[in-house]
Amino acid sequence: MSLIRLDKFLADAGLGTRSQVKLLLKKGPVAVNGKPARRPEQKVDPEKDEISHEGMPIFCHESYYYMLNKPAGYVSATEDNTAPTVLSLLKGAAGRGLFPVGRLDKDTEGLLLITNDGPLAHRLLSPRHHVDKTYLVKASGTITPHDLARLESGIDIGEKAPTLPAKARLLSLESCSQETGDGQTVSLVELTIHEGKFHQVKRMFQAIGKPVLYLKRLSMGSLTLDESLSQGAFRPLTKEEISALKSF
Ligand code: URA
Numbered sequence: 297m298s299l300i301r302l303d304k305f306l307a308d309a310g311l312g313t314r315s316q317v318k319l320l321l322k323k324g325p326v327a328v329n330g331k332p333a334r335r336p337e338q339k340v341d342p343e344k345d346e347i348s349h350e351g352m353p354i355f356c357h358e359s360y361y362y363m364l365n366k367p368a369g370y371v372s373a374t375e376d377n378t379a380p381t382v383l384s385l386l387k388g389a390a391g392r393g394l395f396p397v398g399r400l401d402k403d404t405e406g407l408l409l410i411t412n413d414g415p416l417a418h419r420l421l422s423p424r425h426h427v428d429k430t431y432l433v434k435a436s437g438t439i440t441p442h443d444l445a446r447l448e449s450g451i452d453i454g455e456k457a458p459t460l461p462a463k464a465r466l467l468s469l470e471s472c473s474q475e476t477g478d479g480q481t482v483s484l485v486e487l488t489i490h491e492g493k494f495h496q497v498k499r500m501f502q503a504i505g506k507p508v509l510y511l512k513r514l515s516m517g518s519l520t521l522d523e524s525l526s527q528g529a530f531r532p533l534t535k536e537e538i539s540a541l542k543s544f
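Counting from 297, one number per residue, gives the positions in the sequence shown under our numbering.
Below is the structure:
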C-alpha cells in the first residue's frame with residue numbers, strides 16, 4: 297500500500313472527521329511506531345507502520361471479531377514470558393493484529409472479546425461509556441442482604457471514590473463446598489458492574505469480607521457468552537453481535 301496522510305488514515309479507521317482527528321492529534325494520544333505523532337500531514341504506510349491511539353493498535357485492513365471462552369491459566373495479553381496467552385488459543389483464526397479487549401485475570405474464566413478493531417475496543421473500554429459487565433461469582437461465606445446492598449450501592453475498594461452502583465443477585469448458597477474443604481458456606485452471586493477497575497470484582501468481595509473463590513464473565517455490553525463454547529474454544533461473532541456492539 298502507498299503512503300497516506302496520518303489524518304486520512306485515522307479518519308478512515310473511524311476515529312472521527314478529518315477536523316476531529318486534527319484536534320485529537322494535538323492532544324497527543326496517537327503514536328506511529330511507538331513515537332508520538334502530532335502532525336496531520338505526516339505520511340504513514342498502513343501496511344508497515346504500527347499506528348496506535350492511547351496505546352491501542354489501529355488497523356485499516358479488515359476487522360475480525362471473536363468470542364473466546366477463556367479458561368483459567370491464560371493471561372489476557374498478546375505476549376507473556378511466564379504463562380500462555382489467550383491469543384495462543386486462537387490458532388488458525390484469520391486476522392492480523394488481534395488482541396483481547398480488556399483483561400480478565402489469569403484465574404478468571406468466561407467471555408473475552410478478541411479483535412483487531414482498535415476504535416471499537418477503545419469505546420468498549422472507555423470509562424465514559426460504562427459498558428455493563430456481568431460476572432458469576434463464587435464467594436466464600438454467606439452473602440447476606442446487607443452485603444448485596446453494599447455491593448449495589450458502591451463500596452470502598454481503596455480508590456479515590458467508591459465503586460459505582462452495581463447490580464448484585466444471590467443465586468444460591470451451598471454448604472460443604474469442595475472449594476473451602478471445611479464445610480463452610482459458599483455463595484453464588486451474579487454481579488453486574490459498569491466500570492472496570494483493576495481486580496474490581498475481587499476487591500469488592502474482599503471489601504465485604506467474602507473473598508472470591510471463582511470468577512467467570514458472562515457478558516460484556518450486548519455480548520453474551522455462548523455457553524455452547526467449551527473452555528478454550530472460540531468462534532467468530534455473528535453480524536448481529538458485531539452491529540449490536542458497534543451501536544451502543
Ligand atoms: N474483576 C476481577 O477481579 N477480575 C477479573 O478478571 C475481572 C473483573
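Note that CB positions come from ideal geometry on N, CA and C, so glycine has one too.
Neighbourhood of residue i by C-beta distance below 8 angstroms, restricted to the same chain and skipping five residues each side
i           : result
residue 368 : 402, 403, 404, 405
residue 311 : 317, 320, 349, 354, 415
residue 451 : 458, 459, 500, 503, 504
residue 491 : 423, 426, 459, 460
Rounded C-alpha distance that separates residue i from residue j
i           : j           : result
residue 394 : residue 351 : 14 angstroms
residue 343 : residue 392 : 11 angstroms
residue 483 : residue 489 : 18 angstroms
residue 358 : residue 372 : 23 angstroms
residue 366 : residue 525 : 10 angstroms
residue 511 : residue 431 : 7 angstroms
residue 332 : residue 324 : 7 angstroms
residue 458 : residue 308 : 39 angstroms
residue 375 : residue 456 : 31 angstroms
residue 466 : residue 444 : 8 angstroms
residue 411 : residue 299 : 25 angstroms
residue 341 : residue 413 : 18 angstroms
residue 521 : residue 446 : 27 angstroms
residue 449 : residue 463 : 9 angstroms
residue 315 : residue 418 : 20 angstroms
8 angstroms contact criterion, which residue i and residue j should meet: CB distance rounded
i           : j           : result
residue 485 : residue 439 : 6 angstroms
residue 407 : residue 515 : 6 angstroms
residue 533 : residue 362 : 7 angstroms
residue 336 : residue 302 : 6 angstroms
residue 530 : residue 389 : 7 angstroms
residue 517 : residue 541 : 6 angstroms
Paired residues, beta bridge with residue i - DSSP
i           : result
residue 352 : 349
residue 435 : 483, 508
residue 532 : 362
residue 513 : 406, 431
residue 519 : 516
Residue range of the unbroken alpha helix (DSSP H) whose run includes residue i
i           : result
residue 415 : 414-421
residue 441 : 441-449
residue 494 : First-last for residue 494: undefined, no H or E at that position.
residue 315 : 314-323
residue 305 : 302-308
Endpoints, beta strand (DSSP E) assigned at residue i
i           : result
residue 489 : 482-489
residue 468 : 463-470
residue 326 : 326-328
Same chain, Cβ closer than 6 angstroms to residue i, neighbours up to 5 away in sequence not counted
i           : result
residue 471 : 481
residue 528 : 367, 385
Nonlocal neighbours in the same chain, by C-beta distance under 7 angstroms from residue i, ignoring five residues either side
i           : result
residue 334 : 321, 322, 324
residue 313 : 307
residue 327 : 333, 348
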